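Notes follow once the structure below has been shown.
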Amino acid sequence: MANSPFTLHSKASDCAARRGELRTLHGTIQTPVFMPVGTQATVKGVTPENLKELGAQIILGNTYHLYLRPGHELIRSFGGLHKFMNWDRPILTDSGGFQIFSLKDLTKITEEGAAFKSHIDGSNLFLSPEDAVMVQEALGSDIMMCLDTCIAHPATRQETIKGTELTGRWARRSRAAQKDTGQLLFGIIQGGMYPDLRKQAIEELVEIGFDGYALGGLSVGESAEMMMEITEQTTAYMPEDHARYLMGVGTPENLVEAVYRGVDMFDCVMPTRNARNGMLFTSAGRLVIKNARYRDDQRPVDEHCDCYTCRNYSRAYLRHLFVSREILSSQLNTIHNLHYYVGLMDRMRRAIEEDRFGQFRNEFYAMRQPEKAED
19 MANSPFTLHS
29 KASDCAARRG
39 ELRTLHGTIQ
49 TPVFMPVGTQ
59 ATVKGVTPEN
69 LKELGAQIIL
79 GNTYHLYLRP
89 GHELIRSFGG
99 LHKFMNWDRP
109 ILTDSGGFQI
119 FSLKDLTKIT
129 EEGAAFKSHI
139 DGSNLFLSPE
149 DAVMVQEALG
159 SDIMMCLDTC
169 IAHPATRQET
179 IKGTELTGRW
189 ARRSRAAQKD
199 TGQLLFGIIQ
209 GGMYPDLRKQ
219 AIEELVEIGF
229 DGYALGGLSV
239 GESAEMMMEI
249 TEQTTAYMPE
259 DHARYLMGVG
269 TPENLVEAVY
279 RGVDMFDCVM
289 PTRNARNGML
299 FTSAGRLVIK
309 NARYRDDQRP
319 VDEHCDCYTC
329 RNYSRAYLRH
339 LFVSREILSS
349 QLNTIHNLHY
359 YVGLMDRMRR
369 AIEEDRFGQF
379 RNEFYAMRQP
389 EKAED
């Protein structure tokens with residue numbers, strides 16, 4: 019295996035937080051990093067230019083959805099996903115495993131791969147580990163993910179062993195199928211809530227050799243405490259010289275706690291989905307913009323924020339847009355929430371560089387006192 023595309027620059031002295039960079043075909047990513055989710059080749063509510071202005075380094079695309087519509091061959095004919103959606107920074111594509119898993123009754127998992135019905139037209143489809151790599155190569159993403167089996171929670175030890183071992187075999191097939199395109203391929207660590215099974219999974223994936231490693235099978239219904247416990251136990255066994263990606267996570271608190279435990283990369287629909295539902299993230303906690311108390315509030319969403327929304331609009335105006343169901347509500351709320359997430363990662367990177375992450379973590383929680391936040 020070639021040298022790792024990840025470089026570790028510094029580590030906190032009082033915890034496992036790390037500062038590094040990940041080299042890709044479309045640029046170098048400074049870590050820790052949050053990746054806005056662009057399921058259908060778009061981050062809902064914002065343009066690629068908006069994303070650049072708020073500082074997004076990399077976005078995530080969804081292989082399952084793009085495979086079904088508009089189709090990977092069509093996207094290939096446009097020169098790949100970057101040109102199709104006019105985004106010239108890095109893109110990570112997931113394998114589609116989680117989406118197929120979420121179909122449940124419409125999916126049958128075998129040694130060969132996953133047979134499933136399209137949620138669009140009900141047609142019968144099949145995706146093997148090799149297919150998942152081939153589709154992602156056609157999309158031209160910078161970081162590809164192996165097809166894995168997402169293990170439900172709760173699951174018995176035997177069920178977890180079965181799913182974890184199958185994920186390992188699929189990972190080996192994925193690596194063998196990969197062409198020399200310069201794209202990175204990450205392996206996914208399963209193992210459920212069993213630290214020893216996760217350790218075994220890591221050992222197998224490292225033996226195969228990947229460009230980075232992801233913690234899969236978390237944020238699937240377990241408590242936040244259990245998620246962080248498993249994260250801490252798993253990162254302890256992950257290679258230090260490769261990027262560590264916690265998939266599908268999460269809240270601002272989740273991000274701070276996972277960085278504290280040595281994670282480098284994150285993605286989650288929370289900032290964009292919550293924006294469309296009128297929940298905004300601030301340095302003091304969550305703010306529900308529809309609440310009547312904001313009807314005549316002239317303040318910005320967050321007085322510590324310099325995003326386009328906070329520089330130009332009041333809480334009263336944002337509330338008016340939301341209750342009036344105006345399209346602009348989603349756009350302005352999304353710009354703010356993504357700016358908050360991207361800014362949070364930027365502040366964490368600086369805190370690690372200055373070796374004061376423990377202090378940063380304490381200050382983060384001190385500002386988020388319960389009486390300042392809304393449920």
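Per this note's numbering, residue 19 is the first one in the sequence shown, and the count goes up by one each step.
Heads up, the beta-carbon is just placed ideally off N, CA and C, and yes, glycines get one too.
These figures come from a predicted structure and were not determined experimentally.
Who are the Cβ neighbours of Phe-378 in its own chain at under 6 Å, not counting the five residues just before and after it?
-> Ala-369
CB Pro-54 to CB Leu-69, shorter than 8 Å?
-> yes
Any chance you could list the alpha helix (DSSP H) runs of at least 4 consecutive residues sitting entirely within the segment 142-220, in chain order?
-> 147-157 and 175-195
With Thr-253 as the anchor, note down where its alpha helix (DSSP H) starts and where it stops.
-> 242-253
Hey, Met-211 and Leu-233: beta-carbon distance below 8 Å or not?
-> no
In chain order, what residues of the same chain lie with their CB nearer than 7 Å to the CB of Thr-397, ignoring the 5 residues before and after it?
-> Lying before the first or after the last residue shown, residue 397 is absent from the chain, which here runs from 19 to 393.
For Leu-165, which residues from the same chain have a beta carbon less than 6 Å from its beta carbon, with the 5 sequence-adjacent residues on both sides left out?
-> Ser-113, Gly-115, Pro-147, Ala-150 and Trp-188
From which residue to which residue does the beta strand (DSSP E) around His-27 run?
-> 24-29
Is Glu-250 closer than 8 Å to Arg-279 when the C-beta atoms are compared?
-> yes
Nearest to Gln-48 by CA position, among His-27, Gly-63 and Cys-33, is which residue?
-> His-27
Enumerate in chain order the residues of its own chain whose CB-to-CB distance from Ala-35 is below 6 Å, with the five nearest sequence positions on each side excluded.
-> Val-277, Tyr-278, Ile-370 and Phe-375
Please specify which runs of the beta strand (DSSP E), each continuous and at least 3 residues long, are wholly inside the segment 274-323, giving them in chain order.
-> 283-286, 297-300 and 303-306
State yes or no: is the C-beta of His-171 within less than 8 Å of the C-beta of Val-281?
-> no
From what residue to what residue does the alpha helix (DSSP H) around Glu-371 run?
-> 345-371
Decide if the segment 76-84 is in contact with the segment 114-134; the criterion is three or more beta carbon pairs, one per stretch, under 8 Å apart.
-> yes
For Ala-302, which of Asp-106, Ala-334 and Glu-271 has the nearest alpha-carbon?
-> Glu-271
Beta-carbon contacts of Gln-201 that lie in its chain and below 6 Å, excluding the five residues immediately before and after | Met-162
Going by Cα to Cα distance, which pick from Ile-138, Asp-123, Leu-145 and Ser-141 is closest to Glu-130?
-> Leu-145
Got a sec: does the ligand FAD put a non-hydrogen atom nearer than 7 Å to the Cβ of Asp-214?
-> The ligand FAD is not part of the structure shown, which contains no ligands of any sort.
Between which two residues does the alpha helix (DSSP H) harbouring Ala-334 extend?
-> 333-341
Could you tell me the distance, in whole angstroms, from the CA atom of Thr-268 to the CA atom of Tyr-359?
-> Here residue 268 is Gly; the residue named in the question, Thr, does not match the sequence. Those two C-alpha atoms are separated by around 10 Å.
Specify, as a first and last residue, the run of the alpha helix (DSSP H) that Asn-330 falls within.
-> 326-330
Does the separation of the CB atoms of Ala-195 and Met-152 fall below 8 Å?
-> yes
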